[in-house]
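A quick write-up on the structure given underneath.
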Amino acid sequence: MKLSVVIPAHNEEGCVGETVRDLIGLLTREGIEHEVLGINDNSSDGTEAVLKELAAEFPGFRYVNNHPPNGFGMAVRKGLEVFTGDAVAVVMADGSDAAGDVVQYWRKIEEGYECVFGSRFIKGSRIIDYPPHKLFLNRLANLFIKGLFGYRYNDTTNAFKCYRREVIEAAQPLVAKHFNLTVELPLKAIVRGARWTVVPISWTNRKTGISKLKIREMGSRYLFIILSMWLERHLSRGDYRRAMLTHSAVRPRAD
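Just so we're aligned, residue 0 is where the sequence shown starts under numbering that gives the first Met the number 0, counting upward by one.
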């Protein structure tokens, strides 16, 4: 089995190189067959040059240019169109996601889970330098989603997750073009019957560059996706729910 890692990057020349090197180094030491995909999201700085250097340095790395219309969601969707692994993890270019947690995700995939979701807000998790105003809005949004859908998971908006290829295929067509893709993918997976689990993860605020998330622009877009999935869950009568996969003898239940 092979793990693909999609790393969307818009003007991340100061951090994407370290992120990729740390990740590839650890995956190699752990003996995990992998490919790492850098998605250059129409960057105006030296991001593409860094990605080109990484492609020359590591046989397991390649990059793709995401031409306009660009944006975080479109960059991730580009990666989901071209990855070749049996499962795919979405990792932020800014170094906020820990390489060790990618390994943790993969081990859960090997156990038979179809999705692995990280949480920064459960026992064993670790957060460093989370901006207070963003933390308040994050907890408010996740409390709303948790209450609306009635599950225990408390970090749906976090982009850092891992999915088997079959789950990505079952989620098509994806409609979110921005950071709201971070809720479309897990909610579709859950509503459509994928087997999932949650693990504690670490998160560290970026050391260089500027966050691309514009909170004021995202409220209605998040709400659109959340309500769309709520309606599918309650009104579609199971039309989009897929049968349980048979790829593994292990059949864990969702946490």
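Cβ atoms here follow ideal geometry from the backbone N, Cα and C, with glycine treated the same way.
Runs of alpha helix (DSSP H) wholly within the segment 133-170 (minimum 4 residues, chain order): 164-169
DSSP state of residue 88 mapped onto helix, strand, coil: strand
Residues that DSSP places opposite residue 7 in a beta bridge: 38
Proximity of residue 31 and residue 18 at Cβ, strictly below 8 Å: no
Three-state secondary structure (DSSP) of residue 199: strand
Short CB-CB distance (under 8 Å) between residue 127 and chain D: This model lacks chain D altogether; it includes just one protein chain.
Beta-carbon gap between residue 191 and residue 239 smaller than 8 Å: yes
Rounded C-alpha distance that separates residue 120 from residue 156: 12 Å
Boundaries of the alpha helix (DSSP H) in which residue 120 is found, first to last residue: Where residue 120 is concerned, there is no enclosing alpha helix (DSSP H), given that its DSSP letter is neither H nor E.
Rounded straight-line distance, which links the Cα of residue 56 to that of residue 266: The structure shown does not extend to residue 266, since the chain is modelled only from 0 through 254, so no value can be given for it.
Whole-angstrom distance between residue 110 and residue 195, CA atom to CA atom: 11 Å
Per-residue DSSP class, three states only, for residue 248: Residue placement at residue 248 is poorly supported in this model, since its pLDDT is 34, which falls under 50; the coordinates still yield a value, given next. Here residue 248 sits in coil by DSSP.
Selection from 139, 42 and 28 that minimises the alpha carbon distance to residue 101: 28
Meets three-Cβ-pair contact criterion under 8 Å: the segment 71-83 and the segment 47-54: no
Within the segment 33-81, ranges of the beta strand (DSSP E) (whole runs, at least 3 residues): 33-39 and 60-64
Of the residues 92, 228 and 140, the one placed nearest residue 4, counting alpha carbons only: 92
Segment contact, 8 Å Cβ cut-off, at least three pairs: the segment 36-50 with the segment 124-139: no
Rounded separation between residue 224 and residue 71 - CA only: 15 Å
Alpha carbon of residue 105 to alpha carbon of residue 85, nearest angstrom: 11 Å
Given residue 59 as reference, the closest of 45, 68 and 35 once Cα atoms are compared: 35
Proximity to residue 95 [Cα-Cα], best of 193, 158, 179 and 176: 158
Per-residue burial, residue 185 [other beta carbons within 10 Å of its own, 16 or more giving buried]: buried
Whole-angstrom distance between residue 122 and residue 73, CA atom to CA atom: 33 Å
Inter-residue Cα distance where the pair is residue 115 and residue 199: 11 Å
Cβ-based burial, residue 117 [other Cβ within 10 Å; buried from 16]: buried
Reduced DSSP category for residue 223 - H, G, I as helix; E, B as strand; rest coil: helix
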